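Heads up: the sequence shown begins at 27 in the numbering used here, then just goes up one per residue. Shown next, in structure tokens, is the structure this report addresses.
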Amino acid sequence: METVAIDVVSDVVCPWCYLGKKRLEKAIEAVSDELNVSVTFRPYQLNPDMPAQGVDHKKHLAEKLGGADAVDKAHGMLAGLGREAGVDFHFEKIELSPNTLDAHRLLRWAMIEGPDVQSRVSLALFKAYFEDGRNIGDRDVLLDIAEKAGLDRAVVAALFSAGADVGSVKEEIGLARQMGVTGVPCFIIDNKYAVVGAQTSEVLADALREVAAMKRQEAAAACQVAAQA
27 METVAIDVVS
37 DVVCPWCYLG
47 KKRLEKAIEA
57 VSDELNVSVT
67 FRPYQLNPDM
77 PAQGVDHKKH
87 LAEKLGGADA
97 VDKAHGMLAG
107 LGREAGVDFH
117 FEKIELSPNT
127 LDAHRLLRWA
137 MIEGPDVQSR
147 VSLALFKAYF
157 EDGRNIGDRD
167 VLLDIAEKAG
177 LDRAVVAALF
187 SAGADVGSVK
197 EEIGLARQMG
207 VTGVPCFIID
217 NKYAVVGAQT
227 SEVLADALRE
237 VAAMKRQEAA
247 AACQVAAQA
């Protein structure tokens, strides 16, 4: 089967990114008989200047969205979409808007162990924040998530303390911005095609099929050129 690679540029405090992950999973399931799909989660920070200790979540969102009523309306809409995708949003549990740099460092280390481990860590981060209201800027919370996902807690703690990959994660976020990523989630397929936003699983599945078809056409054209040379 054709193999298609997806880089998902996202932030773990973005509810649309949580929806996007769930919808992508359904899309991959829909094409599983046709394609092999590999997924890598790439870092992005919606609020890179967020203090390390975080800020009051409700106040932050009210200032960002234009008041408490706007926040309630947005949360109501997202809760409905979440139920359809299998996400149980509990926005009322969230007290802090955290800085997500450490969470993205953890995702980077998880990828070293393999895409399945990274996917588990990604899901655990989203669930911890949006469903349990945990502070994913807190390293103890991150260590709990790492350990439950199969990572060595002591090793991860040492990496945090040593400042490992701070520069690498920031550089990757900067690269995404240079590439024109201004909103997340952004699904980059085979490093050539981008699908922006938490599109439906049907849209994502169609995009995967289209990219696979283009790859087959390109391969056939290349073979034809080689045969004529």
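Even for Gly, the Cβ is constructed at its ideal location relative to N, Cα and C. This one's a predicted model, so the numbers in the text were calculated from it and none came from an experiment.
Asked	Found
Roughly how many whole angstroms lie between the Cα atoms of Leu177 and Asp114?	26 Å
Can you name the start and end residues of the alpha helix (DSSP H) that Ile54 belongs to?	Pro41 to Ala56
With distance defined between alpha-carbon atoms, name the residue in Pro141, Val167, Gly46 and Glu110 nearest to Thr66.	Pro141
What is the DSSP secondary structure of Tyr219, counted as helix, strand or coil?	strand
Who are the near neighbours of Pro124 in its chain, counting only those whose CB is closer than 6 Å to its CB and skipping five residues on each side?	Gly80, Asn161, Ile162 and Gly163
Kindly indicate which three-state DSSP category Asp75 falls into: helix, strand or coil?	coil
Do you know whose CA, among Val181, Thr126 and Gly46, lies nearest Glu139's CA?	Val181
Among the residues of its own chain, which have a CB less than 7 Å from the CB of Phe25, if the five just before and after it don't count?	What the structure shows of the chain is the stretch from 27 to 255, and residue 25 is not part of that stretch, so it cannot be assessed.
So, is Asp75 buried or exposed, given that buried needs 16 or more other C-beta atoms within 10 angstroms?	exposed
Decide if Pro77 is buried, meaning its Cβ has at least 16 other Cβ atoms within 10 Å, or exposed.	exposed
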